[in-house]
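Undergrad: Here it is: the structure, laid out below.
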Amino acid sequence: MSAGQAGAAFGQHDGRFDRRRALQLFGGAGLAGALAACSSTASDNPYSDLPVSIGLLLPQTGSRKAVGDELKNGFELWLEQHSGLLGGHPAQITYADEGDTTEKAKAAADDLLRRNVLAISGVAGDNAILEMRDSIEKAHIPLIGSGSSPTALRLQTLLYMWHTSYVGTEPGKALGIYMHTLGGGVSMVAANNVAGRDSVAGFIEGWGGGSGAKLADPYYLNSVEGIDQVVNKIANSGNELVFCGLTGQMAIEFVRAMRKRVKETRFYAPGSMTEGPSLEAFGSLGKGIFTASNYSPQLSNAANLAFSSSYRAKHSTAPTAFAVAAWDAAAVLDKAIKACRDKVTADEVNLKVGGVGLVTSPRGTFQFNQTRTPQQKWYLREVRNDGPVLVNALITELATLG
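Quick note on full-length UniProt numbering: the sequence shown kicks off at 1 and runs consecutively.
Shown next as structure tokens:
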């Protein structure tokens, strides 16, 4: 789908979000109610007829398309419920395909920069965000990322790259802190990529050097072909606890092989392992997997009750942490652009992002820290049945990180 086609599908006319067209596309009664409910907020009252141009960089093709769909759903839902405005300006959205390679992602980002967008949001891949780092910083265009922020990105002195999700080490760190209290030995296995190594580094940091069993060296997988060898080593270790920094088909095949060999194995993983479409792919095999996430649809705060209800009504499924991060990216842009008043430039928006303060989110209230990522709570979830449906059931709060 081209940028123009995507914009038209989203209810834009000449590049703008058109309220009447949105009512036609998304169901008049439901959306009208949502828009009416939001009409009293300041940011929904047009401050200017001049549109703001935002680039939405998402994987629309390839292995991460499902994540891209979630990011798109979250960002678009925010706009639908706020009259298509960001900071009182009509939002002009240009879509770009992140694809499945770093080369394609960087080319798409460079194209958005050439279009002189005010800001960019989205980006699902860790390698992709690292590849476009220098281009973003050189262009002085703020990027409000919705995918995880790799540790390597946070080691740089950055001025224009923000994330509404989390740092890649944080899910592992939250689980490391928690699992150290369980006692017993733990085996670690992860994908041999940026996300996998970040998750293990976080787990080791969270586990710390206190009392209890020491950690053995982690196992890193390049493909499913190496699973059997790792399963045998873990089975022979006698460890029943496994920290699992895997996603996709590799995660499914590992869990299947491990449970076939040692039925008592308990799996703990970053939330992305069982999030959204991944949970569906696991099916009953996923029951009993514990994950750490910054979000659960079962959180009872007012913002989440409203958000999850609207999301379920529109998409007939529970929202994910990906959708929440994108929703929050739109909310942050709204606050920053509004604060610019009549001086809406990329540099000014970037400055105002740093001053948005507390953000009321479906995940709970968060704020940006010095690394331009959220300080936020982390939760333990377990894959369980809720009636006939598998869910990531909320168990307990783990830690506040960031």
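Even glycine gets a Cβ: it sits at the ideal position worked out from N, Cα and C.
1. May I ask you to list the residues that DSSP assigns as paired with residue 379?
2. Report yes if the CB atom of residue 86 is closer than 9 angstroms to the CB atom of residue 77, and no otherwise.
3. Taking residue 169 as the reference, which of 353, 112, 149, 340 has the closest Cα?
4. Given residue 132, which residues of its chain have a CB within under 7 angstroms of its CB, disregarding the five upstream and five downstream residues?
5. Enumerated in chain order, which unbroken segments of the alpha helix (DSSP H) with a length of 4 residues or greater are wholly contained in the region 141–212?
6. Between the C-alpha atoms of residue 318 and residue 96, what's the straight-line distance to the nearest angstrom?
7. Could you check where the alpha helix (DSSP H) with residue 309 kicks off and where it finishes?
8. Return the Cβ separation of residue 99 and residue 90 in integer angstroms, given the expectation that the two are a contact with Cβ distance under 8 angstroms.
9. In terms of residues, what are the limits of the alpha helix (DSSP H) holding residue 349?
10. Go through its chain and collect everything with a Cβ distance to residue 142's Cβ below 7 angstroms, but skip five positions before and after it.
11. On the premise that residue 203 lies in contact with residue 241, defined as a C-beta separation below 8 angstroms, what is that separation, rounded to the nearest angstrom?
12. On the CB-based measure, 16 or more other CB atoms within 10 Å of its CB, does residue 336 come out buried or exposed?
13. Given the structure, does residue 287 come close to the ligand FMN, in the sense that its CB is under 8 angstroms from one of the ligand's heavy atoms?
14. Look up residue 387 in the DSSP assignment and say whether it is helix, strand or coil.
15. Please report the residue range of the alpha helix (DSSP H) in which residue 256 lies.
16. If you draw a straight line from the alpha carbon of residue 193 to that of residue 310, how long is it in whole angstroms?
17. Alpha carbon to alpha carbon, how far is residue 182 from residue 260? Give it in angstroms, no decimals.
18. Leaving out five residues before and five after residue 16 in sequence, what residues of the same chain have Cβ atoms less than 6 angstroms from its Cβ?
19. For the structure I just gave you, are there three or more beta carbon pairs, one from the region 275–288 and one from the region 245–263, closer than 8 angstroms?
20. Is DSSP giving residue 266 helix, strand or coil here?
21. Out of curiosity, what's the CA-to-CA distance linking residue 367 and residue 332?
22. Taking the beta strand (DSSP E) that residue 242 belongs to, which residues open and close that run?
23. Helix, strand or coil: how does DSSP classify residue 221 here?
24. Once DSSP output is grouped into helix, strand and coil, what is the label at residue 96?
25. So which of 382, 186, 70, 342 has the shortest CA-CA distance to residue 287?
26. Touch check for the region 287–300 and the region 355–364: three-plus C-beta pairs under 8 angstroms?
27. Using C-beta distances below 6 angstroms, list every residue in its chain close to residue 314, excluding the 5 sequence neighbours before and after it, in chain order.
28. Here's the rule I'm using: 16 or more other beta-carbon atoms within 10 Å means buried, otherwise exposed. How should residue 294 be labelled?
29. Are the Cβ atoms of residue 375 and residue 398 separated by less than 9 angstroms?
30. Sort out for me which residues DSSP pairs residue 366 with in a bridge.
31. For residue 70, does the count of other Cβ atoms within 10 angstroms reach 16, so buried, or fall short, so exposed?
32. Which stretch, first to last residue, makes up the beta strand (DSSP E) that contains residue 52?
33. Taking the straight line between their C-alpha atoms, what separation do you get for residue 60 and residue 273?
34. For residue 67, which residues of its own chain have a beta-carbon under 7 angstroms away from its beta-carbon, when the five flanking residues on both sides are left out?
35. Any idea if residue 138 is buried or exposed, counting beta-carbon neighbours within 10 angstroms, 16 or more meaning buried?
36. So residue 119 is in the beta strand (DSSP E); what residue range does that whole segment cover?
TA: Taking the structure as given:
1. In the sequence shown, residue 379 corresponds to position 379, counting from 1. Partner(s): 293, 397.
2. Residue 86 sits at position 86 when you count from the first residue of the sequence shown. Residue 77 sits at position 77 when you count from the first residue of the sequence shown. No, these two residues do not count as a Cβ contact at 9 angstroms.
3. Numbered from its first residue, the sequence shown carries residue 169 at position 169. Put simply, of 353, 112, 149, 340 the residue whose alpha carbon is nearest the alpha carbon of residue 169 is 149.
4. The count along the sequence shown starts at 1 and reaches residue 132 at position 132. Counting only Cβ-Cβ distances below 7 angstroms, and skipping sequence neighbours, we find 105, 106, 109.
5. List check, alpha helix (DSSP H) in window: 151–154, 170–179, 194–207.
6. The sequence position of residue 318 within the sequence shown is 318, counting from 1. The sequence position of residue 96 within the sequence shown is 96, counting from 1. Straight-line spacing of the CA atoms in residue 318 and residue 96 works out to 26 angstroms.
7. As a first step, residue 309 is located in the sequence shown; it is residue number 309 there, counting from the start. In the DSSP assignment, residue 309 falls within the unbroken alpha helix (DSSP H) covering 302–315.
8. In the sequence shown, the residue the question calls residue 99 occupies position 99. In the sequence shown, the residue the question calls residue 90 occupies position 90. Between residue 90 and residue 99 the Cβ distance is about 29 angstroms, and since that is not below 8 angstroms, they are no contact.
9. For this step, residue 349 is matched to residue 349 along the sequence shown. Residue range 346–353 is occupied by the alpha helix (DSSP H) that includes residue 349.
10. What you label residue 142 is simply residue 142 of the sequence shown in a count that begins at 1. If we look at residue 142 and ignore the five residues flanking it on each side, its Cβ neighbours are 119, 160, 162, 346, 349, 350, 353.
11. Sequence index remark: in the sequence shown, residue 241 carries index 241 (1-based). Sequence index remark: in the sequence shown, residue 203 carries index 203 (1-based). In this structure, residue 241 and residue 203 do not form a Cβ contact; the two beta carbons are roughly 11 angstroms apart against a cut-off of 8 angstroms.
12. Here residue 336 corresponds to residue number 336 of the sequence shown, with the count starting at 1. Looking at its Cβ environment, which holds 16 or more other Cβ atoms inside 10 Å, residue 336 is buried.
13. What this structure holds is no ligand at all, so the ligand FMN is not there to describe.
14. By 1-based counting over the sequence shown, the position of residue 387 is 387. DSSP places residue 387 in coil when its eight states are reduced to three.
15. Numbered from its first residue, the sequence shown carries residue 256 at position 256. 248–261 is the extent of the alpha helix (DSSP H) around residue 256.
16. Locating residue 193 in the sequence shown gives position 193, where the first residue counts as 1. Locating residue 310 in the sequence shown gives position 310, where the first residue counts as 1. Each residue's Cα considered, the two are about 35 angstroms apart.
17. Looking up residue 260 in the sequence shown gives position 260. Looking up residue 182 in the sequence shown gives position 182. Each residue's Cα considered, the two are about 24 angstroms apart.
18. What you label residue 16 is simply residue 16 of the sequence shown in a count that begins at 1. Caution is warranted here: a pLDDT of 38 is assigned to residue 16, below 50, making its placement in the model unreliable, and the coordinate value is therefore given only provisionally. 51, 90, 92.
19. With a cut-off of 8 angstroms, the region 245–263 and the region 275–288 count as touching, because enough Cβ pairs lie within range.
20. Here the question's residue 266 lines up with position 266 in the sequence shown. Strand at residue 266.
21. One-based indexing of the sequence shown puts residue 367 at position 367. One-based indexing of the sequence shown puts residue 332 at position 332. Distance from the CA of residue 367 to the CA of residue 332, rounded to the nearest whole angstrom, comes to 10 angstroms.
22. For the purposes of this step, residue 242 is taken as residue 242 along the sequence shown, with counting starting at 1. Start and end: 241–245.
23. Stepping through the sequence shown from its first residue, residue 221 is reached at position 221. Residue state, collapsed to three classes: strand.
24. Counted from its first residue, the sequence shown places residue 96 at position 96. Correct three-state label for residue 96: strand.
25. Residue 287 sits at position 287 when you count from the first residue of the sequence shown. Of the candidates 382, 186, 70, 342, the one whose C-alpha sits nearest the C-alpha of residue 287 is 382.
26. At 8 angstroms Cβ cutoff, the stretches touch.
27. Sequence index remark: in the sequence shown, residue 314 carries index 314 (1-based). Apart from the 5 residues on each side of it in sequence, residue 314 has no Cβ closer than 6 angstroms to any other Cβ in its chain.
28. The residue given as residue 294 occupies position 294 in the sequence shown. By the neighbour-count rule (16 or more Cβ atoms within 10 Å), residue 294 is buried.
29. Here residue 375 refers to the residue found at position 375 when the sequence shown is read from its first residue. Here residue 398 refers to the residue found at position 398 when the sequence shown is read from its first residue. Taking 9 angstroms as the Cβ cut-off, residue 375 and residue 398 do not qualify as a contacting pair.
30. As a first step, residue 366 is located in the sequence shown; it is residue number 366 there, counting from the start. Residue pairing by DSSP puts residue 366 in a beta bridge opposite 359.
31. What you label residue 70 is simply residue 70 of the sequence shown in a count that begins at 1. Buried: at least 16 other Cβ atoms inside 10 Å.
32. Stepping through the sequence shown from its first residue, residue 52 is reached at position 52. Where residue 52 is concerned, the enclosing beta strand (DSSP E) stretches over 52–58.
33. For this step, residue 60 is matched to residue 60 along the sequence shown. For this step, residue 273 is matched to residue 273 along the sequence shown. For residue 60 and residue 273, the gap between their C-alpha atoms comes out near 20 angstroms.
34. Position 67 of the sequence shown, counted from the first residue, corresponds to residue 67. Once the five neighbours on either side are set aside, the close Cβ partners of residue 67 are 59, 124, 322.
35. For the purposes of this step, residue 138 is taken as residue 138 along the sequence shown, with counting starting at 1. By the 10 Å Cβ count, residue 138 comes out exposed.
36. The count along the sequence shown starts at 1 and reaches residue 119 at position 119. That run of the beta strand (DSSP E) goes 119–122.
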